[in-house]
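In order, the protein sequences belong to chains A and B.
Letter 312 of the first sequence, counting from 1, is numbered 647 in my numbering, and no numbers are missing.
Letter 147 of the second sequence, counting from 1, is numbered 371 in my numbering, and no numbers are missing.
From the three backbone atoms N, C-alpha and C, an ideal C-beta is built for every residue, glycine too.
Every value quoted in this text rests on a predicted model; they were computed, and no experiment measured them.
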Amino acid sequence: MRKKTLLIVGLFAALAVVATLVLAEPSWAGKLEEAIAKTPVGAGPGMIHPDAPKGFMGIPGAPSHFWLFYILWGIWVGWIFSSVGAFGGIMAGVGHISVFGLSDYAKSFKNTSPTLNKMMTDSIRTSNQYLVGLSALISSFTYYRMGRLVLPLGLCLAIGGILAGYLVPLLTVGKMNVSTYVGFFGIIVFAVAFVLFYETTPSGQAKKKAAKAAAKAFEEAHIKKSTEVSAEHAKGVQVTHWGLSKIAFTFYGQEFSFNPLWPLLGGFVINGISALIGVGGGFLYVPFLTSVAGLPMFIVAGTSALAVLVGMIVNIFNMMVVRQVPVDFLLIGTELVGIAIGSVLGPMTSKKIPEVWLKRIFVILAVYVGIGYLTKGFMGKSILPGM
Amino acid sequence: MDMHPIFRSFDPGLIWFYRITGYAPADFVIGTFVLALLAVVLGNVTVWLALLVGKRHMDRATVEAQKYQDLSMDALASGDRQAYEATNQLANDAFGKTFYTQIAFSGAFLWPICVALAWMQYRFQDLAFPIPFIGLSLGYIGIFILLYIPAYILFKKAKHKLPFFRRIKSALNGYAPKVQHQE
């Protein structure tokens, strides 16, 4: 079984690498230096002075901060990850866009050096991808070991993901300016804010309460009965029907079915978001499969991990290895140190604040960031300060 | 590109591994493999430090996710669809918590990779290895990733033989999570 799953993972990885290498364009070495050379020389906005101190990505005059500042921001991101969840990814992006001043710096080249403007946009989203995507990949491996695999489902998700992982960079790398990127980022922030908000509403709370009561009732009834593992249960996942409009499988004696179009579309959209924004991709597979497709968590974890793995291999190779989008690795490494510290501090401190209030605080923060980025991205200027 | 002051102190030590044979391609592979191995070892040490402090919380969250996951399977086996949907939803919520905590913990494992790549960026920015027949080339990132995989596998196999990492393993096993279905 272990050999079989390893073989499947290996095949997917090979497929993804081959697909990317065959379809990709030749890389463009030294393109950052070329873009800098084409930028007007001077000390004003939208210009580069060669003698200015080097900052982000080694660009003279680019924003640069004391290393402790990056660690502190990383601690904040790690704290949110381990206490609130998905919003940590958003905050990682906010750091690159606003706190470190990269988007305003990139925007200053809109008219004087559009190539540098777009290159910095690619760099910001690739930095997000490094920071969040690689960590998500490690987590997914852990869950892959825990879960079981529904091969046709993983296959459909992966195909959709590969398609998005190829198409999105092809259509957007070197073409998206920083304002458009910030606007799209604002939309994603609003989506996360909406989910967080729903979880804090009376309806969301009642739903969770009802689920807990049902689980407790079942648990208590279950204690009195001894579960016998029938031969049917021991079989695990058994695919019973392969078709273009329906794939069916049995698990623990129950039949599940899905239209392959949905996971294909789901894989495309989810990995597309990941490739476009740099955050918010991989971890959407699990809620998609449990809530939309109604599949058991027991098999969803392993299957979604496979999809994340394939999607990330395509994204990494396309954005980072083949297209060689320049990133500031030292900045990312320093932030990761902070994230690791924050992950330890989060559980120690967050339990002192009720979860629902923690979420409410972040809903307010998310709405603020969302409005700020939407107006900054699509109207040219943020109506809120600090964005 | 000027080297960041943070790298100047250990640059001579690292570059030494890139000059062992005098044959550039072989030296690049040897040096990068040693660098990848160092990143693996350092990542293991820091992830151990993070787990030493935070493993109890991680285990609590994992146990909760496992508990609801098992309950949902039991509900499925006994044909109770309502209980299955409720427990499956709770398993999803609990899974979310552990997932994001793990993402944050992964930082402890990943930061040496980024620092290694940052150093390589200064040294080998313009280096490109052409891939035969397809007209593409791999830069320093691609080579590092390709060599990181064998370095990781090698270290995974060897660490059980190293006294320091054996002690780490036994320390972490000291409080392994216990799934309790019937509290």
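A/Pro375 is classed as exposed because its beta carbon has fewer than 16 other beta carbons within 10 Å across all chains shown. At the C-beta level, A/Leu600 and A/Ser580 stay beyond 9 Å of one another. For B/Val269, not one C-beta of chain A is nearer than 9 Å to its own C-beta. Taking CB atoms only, A/Asp386 has no neighbour in chain B less than 9 Å away. When A/Gly413, A/Leu630 and A/Ser538 are compared, the shortest CA-CA separation from A/Ile582 is found for A/Leu630.
Taking the Cα of B/Thr322 as reference, the smallest distance to any Cα among B/Leu300, B/Val287 and B/Tyr346 is reached at B/Val287. Of the candidates A/Phe422, A/Lys389 and A/Gly409, A/Phe422 places its Cα closest to the Cα of A/Leu700.
Sorting A/Ile696, A/Arg695 and A/Leu666 by C-alpha distance to the C-alpha of B/Trp343 places A/Leu666 at the top. Contact between the stretch 704-719 of chain A and the stretch 355-362 of chain B is absent: fewer than three C-beta pairs spanning the two stretches fall below 8 Å. According to the DSSP assignment, A/Gln589 belongs to the beta strand (DSSP E) that extends over Gln589 to Phe593. The beta carbon of A/Glu670 sits closer than 9 Å to some beta carbon of chain B. The stretch 615-686 of chain A contains, as complete alpha helix (DSSP H) runs of 4+ residues, the segments 632-650 and 664-685 (chain order).
A/Ala583 sits in a strand when the DSSP states are folded into three classes.
Partner residues in a beta bridge of B/Gln306, as assigned by DSSP, do not exist. Below the 9 Å Cβ cutoff, chain B contributes Leu300, Ala301, Gly303, Arg305 and Tyr308 as neighbours of A/Gln589, in chain order.
The three-state reading of DSSP puts A/Val508 in coil, since its state is none of H, G, I, E or B. Between the alpha carbons of A/Ser538 and A/Ala545 lies a gap of roughly 10 Å. Contact annotation: in the stretch 328-343 of chain B, residues whose CB is within less than 9 Å of a CB in chain A are Ala328, Phe329, Ser330, Gly331, Ala332, Phe333, Leu334, Trp335, Pro336, Ile337, Cys338, Val339, Ala340, Leu341, Ala342 and Trp343. By the criterion of a C-beta distance shorter than 7 Å, A/Met632 is surrounded in its chain by Thr625, once the five residues flanking it on both sides are discounted. Ranked by Cα distance from B/Lys380, the options B/Ser302, B/Leu262 and B/Asp251 are led by B/Leu262. Against chain A, a Cβ distance below 8 Å from B/His384 picks out nothing, because the smallest value is about 18 Å.
Closer than 9 Å to the CB of A/Pro631 there is at least one CB belonging to chain B. For B/Lys321, the C-beta contacts it makes with chain A under 8 Å involve Gly420, in order along the chain. When the beta-carbon positions are compared, A/Pro388 and A/Leu437 stay at least 9 Å from each other.
Within the stretch 319-399 of chain B, the complete beta strand (DSSP E) runs of at least 3 residues fall at 353-355 and 360-362. The C-beta separation of A/Gly381 from A/Asn463 comes to about 24 Å, leaving the pair out of contact by the 8 Å criterion. For A/Gly677, the C-beta contacts it makes with chain B under 7 Å involve Ala328, in order along the chain. Assigned with DSSP and collapsed to three states, A/Val376 falls in strand. Checking the DSSP bridge columns, you'll see A/His576 partnered with A/Ala583. Here A/Thr684 is exposed, its C-beta having fewer than 16 other C-beta atoms within 10 Å. Shortest Cα-Cα distance from A/Thr456 to any of A/Tyr516, A/Gly707 and A/Ala556 involves A/Tyr516. If you ignore the 5 residues before and after B/Tyr292, its C-beta comes within less than 6 Å of the C-beta of Thr311, Leu314, Ala315 and Ala318, all in its own chain and listed in chain order. Between the stretch 481-501 of chain A and the stretch 348-358 of chain B, the count of Cβ pairs shorter than 8 Å is below three; the stretches do not touch. Each residue's CA atom was taken as its position, placing A/Phe444 and B/Val271 some 40 Å apart. Between A/Ile371 and A/Ile406, the C-beta gap is not smaller than 9 Å, which leaves the two residues out of contact. Two segments are said to touch when three or more pairs of C-beta atoms, one from each, lie closer than 8 Å; by this definition the stretch 250-257 of chain B touches the stretch 231-242 of chain B.
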